[in-house]
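To start, the structure itself, in structure tokens.
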Amino acid sequence: MNGRTPFVAANWKMHKTVAEAEAFAAALLPRVSDAEGVDVAVCPSFLALGAIVDSTRGSRVRVLAQNMHYEASGAFTGEVSPPMLAELGVNGVILGHSERREHFAETDRALELKMPAALAAGLLPVLCVGETEEERERGDTERKLRHQVQEDLSQVDSAQLGDVVIAYEPIWAIGTGLVATAEQAQEAIAFVRALVGDRAPEQAERVRILYGGSVNPDNAAELLALPDVDGALVGGASLEAESFAAIVAAAGRR
Ligand code: PEP
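Under the working numbering, the first residue of the sequence shown carries the number 141, and numbering increases by one thereafter.
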């Protein structure tokens, strides 16, 4: 036992209207009500956040946004700020997902500011890092992870490093059906933990590091049993309550 509570989060991306998100919550809550010892979260679109905060109130399910700006307010058309999320009762936020880095020019420089801004607003930040297929083939996986982890966490106080969640998501495994092998996932996640340990050894023992990339009910148990894997960030398999609940159950058995 390492003392870290497993964390399983559903990243719905640009799926589910408000009505669909509410129907999902109604189907999920009874299925995870006895998932003792697992932190469960759903990450709806901005538009569904308020409705899902309401429909999950009093349950074990936490609600996370999929992005935010680092400023509290300002002339940033189309953006949403940390206090706006906190006011709604949102518990946290995914930051630096590879789809935001790739399609919306999310930079490590912005993430440097977003990470402490989330913590200051009382939001749990889930920082996504990971290499492309090309980077893995070139032998650059560790270089990429080192760069992202060091830069994106550079403005987080060392004493607070254990309060963030990091999701190792190899880009070649996201939405592709290709899953990292147990060895690849364990090796990369242990490396990320060691990077945190370079700054604060005791925080490395606390920080939760998830695996993400084509996790499903069939492969979850093996991945979640790995010593350094503290949970999963789930895309495709989180869109159905039954398959997401099966992954949550696998985390509870680890
Ligand atoms: C994700 O987008 O964070 C993800 C892990 O997606 P999928 O599970 O579909 O690979």
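Ideal Cβ positions, reconstructed from N, Cα and C, are used throughout, including at glycine.
From a predicted model like this one, the values you see are computed outputs, not experimental measurements.
Asked: Curious, which full-length alpha helix (DSSP H) runs of at least 4 residues does the segment 155-233 contain?; Found: 158-172, 186-196 and 222-228
Asked: Would the beta-carbon of LYS156 be found less than 7 Å away from any heavy atom of ligand 1?; Found: no
Asked: Looking only at its own chain, which residues have a Cβ that is under 7 Å from the Cβ of GLN288, when we skip the five neighbours before and after it?; Found: ASP248 and VAL269
Asked: Look up ARG144 in the DSSP assignment and say whether it is helix, strand or coil.; Found: coil
Asked: With distances taken Cα to Cα, identify the nearest neighbour of LYS284 among THR272, THR157 and GLU380.; Found: THR272
Asked: Under a three-way DSSP split, which group does GLY371 fall into?; Found: strand
Asked: Please report the straight-line C-alpha distance between VAL180 and VAL148, rounded to a whole angstrom.; Found: 5 Å
Asked: Which runs of the alpha helix (DSSP H) at least 4 residues long sit entirely within the segment 299-371? Give them in chain order.; Found: 322-339, 341-346 and 360-364
Asked: Quick check: the Cα distance between GLU219 and LEU187, rounded to an integer number of angstroms?; Found: 13 Å
Asked: Assess, as a yes-or-no matter, whether the segment 355-362 is touched by the segment 380-391 under the definition of 3 or more beta carbon pairs within less than 8 Å.; Found: yes
Asked: Compare the C-alpha of LEU264 against each of HIS243, ALA245, GLU162 and VAL230 and name the closest.; Found: VAL230
Asked: Could you give the DSSP three-state label for LEU263: helix, strand or coil?; Found: coil
Asked: Could you give the C-beta distance for LEU189 and VAL203, rounded to a whole number, given that I count them as a contact under 8 Å?; Found: 6 Å
Asked: Could you have a look at ALA386 and say whether DSSP puts it in helix, strand or coil?; Found: helix
Asked: Helix, strand or coil: which one does DSSP assign to ALA149?; Found: strand
Asked: Strictly by DSSP, which residues pair up with VAL296?; Found: Answer is none; VAL296 lacks a bridge partner.
Asked: Bridge partners for LEU235 per DSSP, in chain order?; Found: LEU267
Asked: For a quick check, are the C-beta atoms of SER383 and ALA391 less than 8 Å apart?; Found: no
Asked: Cβ of HIS209 versus every heavy atom of ligand 1: is any distance shorter than 7 Å?; Found: no
Asked: Suppose contacts are defined by Cβ-Cβ distances below 8 Å. Is LEU301 in contact with ALA340 by that definition?; Found: yes
Asked: Taking ASP292 as the reference, give the member of ALA165, ILE234, GLN326 and GLY262 with the closest Cα.; Found: ILE234
Asked: DSSP state of VAL246, grouped into three classes?; Found: Position check: residue 246 holds Glu in this sequence, whereas Val was assumed. GLU246 falls in the coil class under three-state DSSP.
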